[in-house]
Amino acid sequence: MLQRLRTTPPRYGLVAVAVLFFIGLPTVIDSFQAGEWAQALILAIAIMGLNILVGYSGQLSLGHGAFMALGAYTSAILAHRYKMDYLVTIPIAGLLTGVVGFLFGVPALRLSALYLALATFALAVVAPSLIKRPAELTGGVQGISLPPPIPPQFAKDAFTGLTGVPMTSDQWVYYVTLAFALLLFWLAWNLVRHRSGRAMRAIRDGEVAAAASGVNIAGYKTLAFGISALYAGIAGSLFGLGTSFVSPDTFPVSLSIQLLVGAVIGGLASIPGPLIGGIFAYFLPIESNQWVPTQTWIPSQIASTVVKAGPAVSYGAVLILIMIFAPNGIVGLITTGYTRLRRRLRGAADREAGQMPPDAQTIS
Amino acid sequence: MALLELEEVRAGYGPTSVLHGVSLTVPEGEVVSLLGANGAGKTTTLRAITGGVRWTGGIRFGGRSLSRMHTEDVVRCGIAHVPEGRGILTELTVDENLKLGSHLRRDGPAVRKDYDRVFEYFPVLRERRRLSASTLSGGEQQMLALARAFLMKPRLMLLDEPSLGLAPMIVRAIFEIIRTINQADKVAVLLVEQNARIALEMSTQAYVLEVGRVAVTGSSADLKGNDSVRKSYLGY
Amino acid sequence: MQELLQQVVSGIAQGAIFASLALALVLIYNAMGLVNFAQGEMAMVATFIAFTLISRGVDYWIALPVTLVIAFAGGIAIQRIVIHPVERAPLLTLVIITLGLATLLNGLAGALFGYVPRSFPSPFSVQTVDILGAFVSYRDLGVIAVSGAVLLAIYLLLQRTTVGLTLRAAAHHPEASRLLGVHVSWMLALGWGLASAVGAVSGIMVAPIILLEPNMMQTIIIYAFAAAVLGGIESPLGAVIGGLIVGVTVNLAGAYLPFVGGDLQLAVALAIIIGVLVLKPNGLFGRPTVRRV
């Protein structure tokens, strides 16, 4: 699954197209849809963080939903209680979550991958009840409500100048999210390309060998944890911005599963993977709920079951099918497809058999 | 028709080819040795027979082709394979190991008699029945492996380096018992050994492998008597 | 003093439930080196099956064994269909597959039965009986008895029968077992079937207490993780003892430690997991053996 996806030369053209696409998107879709795409980008950021941990440094965390919660609540408390400007709280929330993640990474070093998955899963399940407890700080079961964000004047002017219509809160949130997403993806791309990224990949592929080549295993693994938590924290904080509300029940264990699904679908150990994964993870259940009932070839029993079950059935099925048939996700499929095509075009050479030893002698 | 026939068997691990066309036969009830230096392919030959490695060519046991059969099914045809390292199930007791030898058999009274014989040959196994197999010494583990193979009531035993790591006295004792089993129960043996001297004493026929092919073959007596073969191939 | 005894007995009953699920986890871990994250959801589905049988008029004491048989078959089916094709895949792939399975089962249960909690019948009344001055409920005693019986049956099966022997052999030494004629692949399926049946017991025992709904096992599985980790994830005995210890500890903590209360009992389980993994990762009965890959 975690095969070596060779660091392909950056397709700058594709990247430019993608960036332009996302910048221009809110001008062609309505405000509500912009809000949805913002949510998808938020998931993509969190999944990028998870990817750094799982895909690049080989540690599996099933608790990233809890880190998102930490980021979201940090921002919410700072904005609500201490009246800080929400935008300022985002990097603070990210940093705080990153530090907590780093500290987490220290005991995580001693755990095998399986035990780490187990422990983080337990954390994700317990997180809501841990949030509910300190009720004066977190608002307990009711959570914290925030006023919807108002776009600043320069943004409103720019948007109206471009499109002729006033900018809504959702669209503003979209652009804030996009800005962070661009920044964080760019950072991840740099991280992976340079020494720390190579070190992490070496660790993922074989700790003993990596240690033998002088890689500071402990340092890089905890660093990976911290960075991935930072990403999740920022994603959580942006989530609060977008929904104007955080509560313990918005961060159930299924969120952590959703992140994992997205990471896996997109393709672990790749940069575009989390983006694709975020889009899939967000839109798949929505679209399947709308698309499935319209398909006449699906028996109505199955269709209604799928719709009633919500995202869980699609996520579960997709997860299983992808891991069986396409463990490197969509990006992996594209990459192997491309490699296979190239090989076929060049033609394969046969190997020659070695020299033949002399015939057997029979002694009589 | 021989009990076991290998015909131009090629086998390897992934891209590395180890056997380049091995042919040999083991007649019913005979002991045949398979000799050669390290890396010649002796262990791979045994593994091919019981399906532990992919092979091409022909392998027939009792006239029946073993092509594409799973290890456990090959074994159920009547072949007992004591691998390199003996294959002792160290998580289980001595008794449980023995029971895994006899678990496929349906002939209750005969099984009990065979148990008596096993404990006669290897009294130490009776003493340590209830203990974990991991507490046995190297020699005792070899005895357990042999006892277990015997309990399977096979028609053919594949033994991979039974003398490895054992003191000479224990080696003698074990080979005596192998000879007894062969003669009393007419169990054929394909014996892989580095210790060519003792192998040639035990066997009627021998094959010497070199780089994945049979370099020399003949009756054990002839090979023993041939000085140049002994010096070039057998190291003594 | 009486109250303490009551809490301890309640804790043992809870612990028996955790022990059953933990044993299921251990069985699969021994067979494949894998923690089956779907074990709880599989138990939940089995419990819904039992519920369907009982609500159609089947007597509880017939529905119970029938459900265990169905759960057994279901476990085998899952192993054959979902796990067997990817047996040789890396561990993380298998873990993710079990997570997918858990999600899928949860969604299916939700679709078929809805998320409204239902009451699940128990043949044991909640009346109490006076033991040594403490009032112990029949239900707690019943849970202990039924779980104990199932655990004993599994023990006898594994330790005293030929099938159990070949199962253990295949789990610990697959290659050597093949050379002894053991169908290792079938034994793996059998292991899944047994684990599924044992896990089903925990679901059926806990449903009358916490109400039947698709998410009901999500907290129980955490307690089972704690029990398995505490006992040593390779040790069936450890699973049982670990389960009892976790059950009693969590119960006493909830009753006597005010800052824990009812809602943070789960956090106690998390603390146990983290504590054990940091201090003594092999648990009480685990051996620091190198895990074969």
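Chains as they are written, first to last, in my numbering: chain A, 5 to 368; chain B, 942 to 1177; chain C, 3 to 295. In this text, a Cβ means the ideal position worked out from N, Cα and C, and glycines have one as well.
query = Rounded to a whole number of angstroms, what is the C-alpha to C-alpha distance between A/P276 and A/G270?
reply = The count along the first sequence starts at 1 and reaches residue 276 of chain A at position 272. The count along the first sequence starts at 1 and reaches residue 270 of chain A at position 266. Approximately 7 angstroms between the Cα atoms of the pair.
ask   = Counting contacts by CB-CB distance shorter than 8 angstroms, is A/G320 in contact with chain C?
value = Counting from one through the first sequence, the residue named residue 320 of chain A turns up at place 316. A/G320 counts as touching chain C.
ask   = Of all Cβ atoms in chain C, is any one closer than 8 angstroms to the Cβ of A/P362?
value = Position 358 of the first sequence, counted from the start, is the residue given in the question as residue 362 of chain A. Because A/P362 sits at a pLDDT of 44, beneath the cut-off of 50, its placement in the model cannot be relied upon, and the point is left open.
inquiry  = For chain A, check one thing: does any of its Cβ atoms lie closer than 8 angstroms to the Cβ of C/V37?
reply    = The sequence position of residue 37 of chain C within the third sequence is 35, counting from 1. It does: the Cβ of C/V37 has a partner Cβ on chain A nearer than 8 angstroms.
ask   = How long is the line joining the alpha carbons of C/I19 and C/G13, rounded to whole angstroms?
value = Against the third sequence, residue 19 of chain C aligns to sequence position 17. Against the third sequence, residue 13 of chain C aligns to sequence position 11. Straight-line Cα distance between these residues: approximately 10 angstroms.
task = Quick one: which residues of the region 324 to 335 of chain A get their C-beta closer than 9 angstroms to a C-beta of chain C? List them in chain order.
result = Within the region 324 to 335 of chain A, contact with chain C at the beta-carbon level (separation under 9 angstroms) is assigned to I324, L325, I326, M327, I328 and P331.
message = Along the region 1033 to 1059 of chain B, where does the CB come closer than 8 angstroms to a CB of chain C? Name the residues.
response = Residues L1033, E1037, K1040, L1041, G1042, H1044 and L1045.
task = Indicate whether the contact test is met: 3 or more Cβ pairs, each with one atom in the region 324 to 331 of chain A and one in the region 72 to 92 of chain C, closer than 8 angstroms.
result = Contact annotation: the region 324 to 331 of chain A touches the region 72 to 92 of chain C, with at least three C-beta pairs closer than 8 angstroms.
query = What's the gap between the Cα of A/T181 and the Cα of A/G223?
reply = Your numbering for residue 181 of chain A matches position 177 in the first sequence. Your numbering for residue 223 of chain A matches position 219 in the first sequence. Between A/T181 and A/G223, the C-alpha separation is close to 30 angstroms.
ask   = In the structure shown, what three-state DSSP assignment does A/G244 receive?
value = As a working mapping, residue 244 of chain A is identified with position 240 in the first sequence. Helix.
query = Who are the neighbours of C/A178 on chain B, taking C-beta pairs under 8 angstroms?
reply = In the third sequence, counting from the first residue as 1, residue 178 of chain C sits at position 176. Scanning chain B for C-beta atoms nearer than 8 angstroms to the C-beta of C/A178 yields P1024, G1028, I1029 and L1030, reported in chain order.
key: Proximal chain B residues relative to C/T164, where beta-carbon distance stays under 8 angstroms   = As a working mapping, residue 164 of chain C is identified with position 162 in the third sequence. Against chain B, a Cβ distance below 8 angstroms from C/T164 picks out K1040 and H1044.
task = Kindly indicate if chain B contains any beta-carbon less than 8 angstroms away from that of C/V60.
result = To locate residue 60 of chain C, count along the third sequence from 1; it is residue 58. C/V60 does not count as touching chain B.
query = Leaving out the 5 sequence neighbours to the left and right, which residues in its chain are closer than 8 angstroms to C/Y140 when beta-carbon positions are compared?
reply = Taking the third sequence and counting its residues from 1, the one referred to as residue 140 of chain C is at position 138. Closer than 8 angstroms at the Cβ level, and outside the excluded window around C/Y140, lie F126, S127, V128, Q129, T130 and V131.
message = Based on DSSP bridge pairs, tell me the residues matched to B/Y954.
response = Numbered from 1 along the second sequence, position 13 holds the residue referred to as residue 954 of chain B. In the DSSP assignment, B/Y954 forms a beta bridge with B/T957.
inquiry  = Taking only three categories from DSSP, how would you classify B/F1002?
reply    = On the second sequence, position 61 is the one that residue 1002 of chain B refers to. When DSSP states are grouped into helix, strand and coil, B/F1002 belongs to the strand group.
ask   = Below 8 angstroms between beta carbons: does that hold for C/G166 and B/E1013?
value = In the third sequence, residue 166 of chain C corresponds to position 164, counting from 1. In the second sequence, residue 1013 of chain B corresponds to position 72, counting from 1. Between C/G166 and B/E1013, the gap from beta carbon to beta carbon reaches 8 angstroms or more.
request  = Name, please, each residue of chain C whose Cβ falls closer than 8 angstroms to the Cβ of A/Y119.
outcome  = Stepping through the first sequence from its first residue, residue 119 of chain A is reached at position 115. Here the neighbours are V231, L279 and P283.
Spatial neighbours of A/A228 in its chain, beta-carbon cut-off 8 angstroms, leaving aside the 5 residues before and after = If you number the first sequence from 1, residue 228 of chain A lands on position 224. So the qualifying residues of the chain are I56, L57, Y60, S61, Q63, G109 and M204.
message = Since A/L74 and A/G244 should fall inside the 8 angstroms C-beta cutoff, what is the C-beta to C-beta distance between them, to a whole number of angstroms?
response = Your numbering for residue 74 of chain A matches position 70 in the first sequence. Your numbering for residue 244 of chain A matches position 240 in the first sequence. 11 angstroms between Cβ atoms; not a contact.
query = Checking contacts by CB at 8 angstroms: is C/T168 closer than that to chain B?
reply = The sequence position of residue 168 of chain C within the third sequence is 166, counting from 1. So, interface residue.
query = Should the region 1024 to 1044 of chain B be regarded as contacting the region 170 to 188 of chain C, the criterion being three or more beta carbon pairs within less than 8 angstroms?
reply = Taking a cut-off of 8 angstroms for Cβ pairs, the region 1024 to 1044 of chain B and the region 170 to 188 of chain C touch, as three or more such pairs fall below it.
task = Indicate whether B/L1100 and B/L976 have their beta-carbon atoms separated by less than 8 angstroms.
result = Numbered from its first residue, the second sequence carries residue 1100 of chain B at position 159. Numbered from its first residue, the second sequence carries residue 976 of chain B at position 35. The Cβ atoms of B/L1100 and B/L976 lie no closer than 8 angstroms to each other.
First and last residue of the uninterrupted alpha helix (DSSP H) at C/Q16 = In the third sequence, the residue the question calls residue 16 of chain C occupies position 14. Unbroken alpha helix (DSSP H) run through C/Q16: Q4 to M34.
message = At a CB distance below 7 angstroms, what residues from the region 991 to 1011 of chain B approach chain C? Give them in sequence order.
response = Within the region 991 to 1011 of chain B, T991 place their CB atoms closer than 7 angstroms to a CB of chain C, listed in sequence order.
query = Hey, is B/G955's beta-carbon within less than 8 angstroms of any beta-carbon in chain C?
reply = Residue numbering aside, residue 955 of chain B sits at position 14 when the second sequence is read from its first letter. No, its Cβ sits nowhere closer than 8 angstroms to a Cβ of chain C.
ask   = chain B partners of C/G183, CB-CB under 7 angstroms?
value = Here residue 183 of chain C refers to the residue found at position 181 of the third sequence. By Cβ distance, chain B contributes E1013, V1016, R1017 and L1045.
inquiry  = If I measure Cβ to Cβ from C/S22 and keep anything under 6 angstroms in the same chain, skipping five residues before and after, which residues do I get?
reply    = Counting from one through the third sequence, the residue named residue 22 of chain C turns up at place 20. Counting only Cβ-Cβ distances below 6 angstroms, and skipping sequence neighbours, we find S149, V200, V203 and S204.
query = Taking DSSP as the reference, what is the three-state secondary structure of A/D161?
reply = By 1-based counting over the first sequence, the position of residue 161 of chain A is 157. DSSP places A/D161 in helix when its eight states are reduced to three.
ask   = Checking contacts by CB at 8 angstroms: is A/V104 closer than that to chain C?
value = For the purposes of this step, residue 104 of chain A is identified with residue 100 of the first sequence, where counting begins at 1. Taking Cβ atoms only, chain C never reaches closer than 8 angstroms to A/V104, which makes this a no.
query = Along chain B, which residues have their Cβ under 7 angstroms away from the Cβ of C/A2?
reply = Because residue 2 of chain C is not part of the residues shown, which for chain C are 3 to 295, the question remains open.
query = Residue range of the alpha helix (DSSP H) that C/R162 falls in?
reply = Locating residue 162 of chain C in the third sequence gives position 160, where the first residue counts as 1. Where C/R162 is concerned, the enclosing alpha helix (DSSP H) starts and stops at Y140 to R162.
request  = Grab me the residues of B/S1104's own chain with a C-beta within less than 8 angstroms of its C-beta, minus the 5 sequence neighbours each way, in chain order.
outcome  = Locating residue 1104 of chain B in the second sequence gives position 163, counting from the first residue. Within the same chain, and ignoring the five residues on either side of B/S1104 in sequence, the residues whose Cβ sits closer than 8 angstroms to its Cβ are V1112, I1115, F1116, E1134, Q1135, N1136 and I1139.
query = Is the beta carbon of C/A113 within less than 7 angstroms of some heavy atom of the ligand ZN?
reply = The model on display carries no ligand, and the ligand ZN is accordingly not part of it.
Pick from A/A76, A/T164 and A/P289 that is closest to A/G3, judged by C-alpha positions = Within the shown structure, residues of chain A are numbered from 5 to 368, placing residue 3 of chain A beyond reach of any answer.
query = Which residue or residues does DSSP assign as beta-bridge partners of B/M942?
reply = On the second sequence, position 1 is the one that residue 942 of chain B refers to. According to DSSP, B/M942 bridges with nothing at all.
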